[in-house]
Amino acid sequence: MTDHPILSWTDASSEPPGATAHTALWRSEAGTPPPKRVMVADDRITADAAYRQACEGTAILWRGDFQNARQLLQAMSRRVDRKPRKAATSPIDAFNLHRQAQSQRARTLGMLLIPLDADYTIPLRRAPDVREACTEAYGAGEAASVVSLRELLGLIGAHEWRKKGVDIPALGGARIHPHYGVFSPVRGEYVDLVANAPLPSQALAFDIGTGTGVLAAVLAKRGVKRVVGTDQDARALACAHENLARLGLQSQVEVIDADLFPEGRAPLIVCNPPWLPARPSSPIERAVYDPDSRMLRGFLDGLAAHLEPNGEGWLILSDFAEHLGLRTREALLAMIDAAGLRVVGRDDIKPKHPKASDADDPLYQARAAEVTSLWRLKAR
1 MTDHPILSWT DASSEPPGAT AHTALWRSEA GTPPPKRVMV ADDRITADAA
51 YRQACEGTAI LWRGDFQNAR QLLQAMSRRV DRKPRKAATS PIDAFNLHRQ
101 AQSQRARTLG MLLIPLDADY TIPLRRAPDV REACTEAYGA GEAASVVSLR
151 ELLGLIGAHE WRKKGVDIPA LGGARIHPHY GVFSPVRGEY VDLVANAPLP
201 SQALAFDIGT GTGVLAAVLA KRGVKRVVGT DQDARALACA HENLARLGLQ
251 SQVEVIDADL FPEGRAPLIV CNPPWLPARP SSPIERAVYD PDSRMLRGFL
301 DGLAAHLEPN GEGWLILSDF AEHLGLRTRE ALLAMIDAAG LRVVGRDDIK
351 PKHPKASDAD DPLYQARAAE VTSLWRLKAR
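For what it's worth, full-length UniProt numbering labels the leading residue of the sequence shown as 1, then goes sequentially.
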């Protein structure tokens, strides 16, 4: 039995002649329901026709050459990006318009579909071998399925990142290997903050929301004798376990399934929560979007009860939300105060990622002003 939705379509080109009904499992990491209207197409369809069908809500199940499908997706992307942007009247308006455009773009480009056999083989000409990438993301194959080409390319990219890894200078050049659906530490500034802040103790640290395990590994490499990393996401837990074992830190760092804090107290508790108080549209966005600042509030509200006397909580947070008008500095300080905490220090760093200097980015003004901070907190 499977809990996957089912995609249904008819194929007029099937043998014997006549419209033949078909079904397959529908795969969507974002939880998008299967399209209600599906047409079967191959290399003969034009980009204009495919784009028009996608905009009208008709999905295109591809039966042609795989590499031609990639080219078709690129052509559809160019048509999506040609649409003029609506002028924003404020930073928060720019953010909302940007997310709306992203959502519309994802919906339109997600209409180009690729079939997968039960073992994740793509039954198309010139198709790559994606069996390992799909197994990493979806688990063992169970039946024939259909996925959007856009999601499939994301799986392939994630698989390559997992194989290659991300170089972490704070780990002496060692690499962290992110799994599919686990936030990759490609933005290294928050790692650098944790690598350089003065340690209040080297006895024990908690890493709340450990993800890939990168911050837990940095703390262990800095000499913290025991680190406990927590997460609730199964992919993150598996990813952190694998990374820490690869680094030879599995005896020094324990990773457990917990909602925020583990049991007990620690002299150092670190948390890098999602930075934007908004609703994620897919599982991978949970590392960026924190609805109603739930994780941020949960960390702050529970911190004092889990700190040892004179212990420190390190909150690593970007002020990007402040520049977008999603949260004020006063609101953040009020949360800290209401949790019975006080600020004893703050280290700041400017992001170095490409979007921070891309004047064509719709959120450029906010990105250019962004600062990531490590807030050092103590119980009052």
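C-beta atoms are modelled at their ideal positions from N, C-alpha and C, and glycine is treated no differently.
Residue from A21, R294 and F299 with nearest C-alpha to P280: Walking along the sequence shown from the start, residue 280 turns up at place 280. Of the candidates A21, R294 and F299, the one whose C-alpha sits nearest the C-alpha of P280 is R294.
Every unbroken beta strand (DSSP E) inside the stretch 109-134 [3 residues or more]: 112-116
Alpha carbon of L97 to alpha carbon of A368, nearest angstrom: The residue given as residue 97 occupies position 97 in the sequence shown. The residue given as residue 368 occupies position 368 in the sequence shown. The straight-line gap from Cα to Cα measures roughly 19 Å.
Completely contained beta strand (DSSP E) runs for the stretch 282-323, where each covers 3 or more residues: 307-318
P115 vs P128 beta-carbon contact at 8 Å: Within the sequence shown, the letter at position 115 stands for residue 115. Within the sequence shown, the letter at position 128 stands for residue 128. Result no, Cβ atoms of P115 and P128 do not sit closer than 8 Å.
Cβ neighbours of I336 in the same chain (closer than 7 Å, five flanking residues each side left out): For this step, residue 336 is matched to residue 336 along the sequence shown. Correct list, in chain order: L300, V343 and L377.
Between the CA atoms of P274 and D292 - distance to the nearest angstrom: Position 292 of the sequence shown, counted from the first residue, corresponds to residue 292. Position 274 of the sequence shown, counted from the first residue, corresponds to residue 274. Near 11 Å, if we compare the C-alpha coordinates of P274 and D292.
S148 in three-state terms, based on DSSP: By one-based count along the sequence shown, residue 148 stands at place 148. S148 falls in the strand class under three-state DSSP.
Coarse secondary structure for A21, derived from DSSP in three states: The sequence position of residue 21 within the sequence shown is 21, counting from 1. A21: strand per DSSP, three-state reduction.
Backbone secondary structure at residue 463 - three-state DSSP: In this structure the chain extends from 1 to 380, so residue 463 is not present and cannot be described.
Counted within 10 angstroms of its Cβ, other Cβ atoms place R150 as buried (16 or more) or exposed: Your numbering for residue 150 matches position 150 in the sequence shown. Buried, by the Cβ-count rule.
C-beta atoms of L193 and I269 nearer than 8 Å: The residue given as residue 193 occupies position 193 in the sequence shown. The residue given as residue 269 occupies position 269 in the sequence shown. Against a cut-off of 8 Å, the Cβ pair of I269 and L193 comes out as no contact.
Status (buried if at least 16 other CB within 10 Å, exposed otherwise) for D231: Numbered from its first residue, the sequence shown carries residue 231 at position 231. Looking at its Cβ environment, which holds 16 or more other Cβ atoms inside 10 Å, D231 is buried.
CA nearest to the CA of G172, picked from I156, A220 and A69: By 1-based counting over the sequence shown, the position of residue 172 is 172. For the residues I156, A220 and A69, the minimum Cα distance to G172 belongs to A220.
Sheet register partners of M76 (DSSP bridge): As a working mapping, residue 76 is identified with position 76 in the sequence shown. Looking at the DSSP assignment, M76 forms no beta bridge with any residue, so it has no partner.
Three-way DSSP call (helix, strand, coil) for Q183 in this model: The count along the sequence shown starts at 1 and reaches residue 183 at position 183. The question names Gln, but residue 183 is Phe in the sequence shown. Of the three classes helix, strand and coil, the one that applies to F183 here is coil, per DSSP.
Enclosing beta strand (DSSP E) for I60 [first to last residue]: For this step, residue 60 is matched to residue 60 along the sequence shown. T58 to W62 is the span of the beta strand (DSSP E), which, as asked, contains I60.
Whole-angstrom C-beta distance between M111 and P35, which should lie under 8 Å: Indexing the sequence shown from 1 puts residue 35 at position 35. Indexing the sequence shown from 1 puts residue 111 at position 111. About 7 Å separates the CB atoms of P35 and M111; that is less than 8 Å, so the two are in contact.
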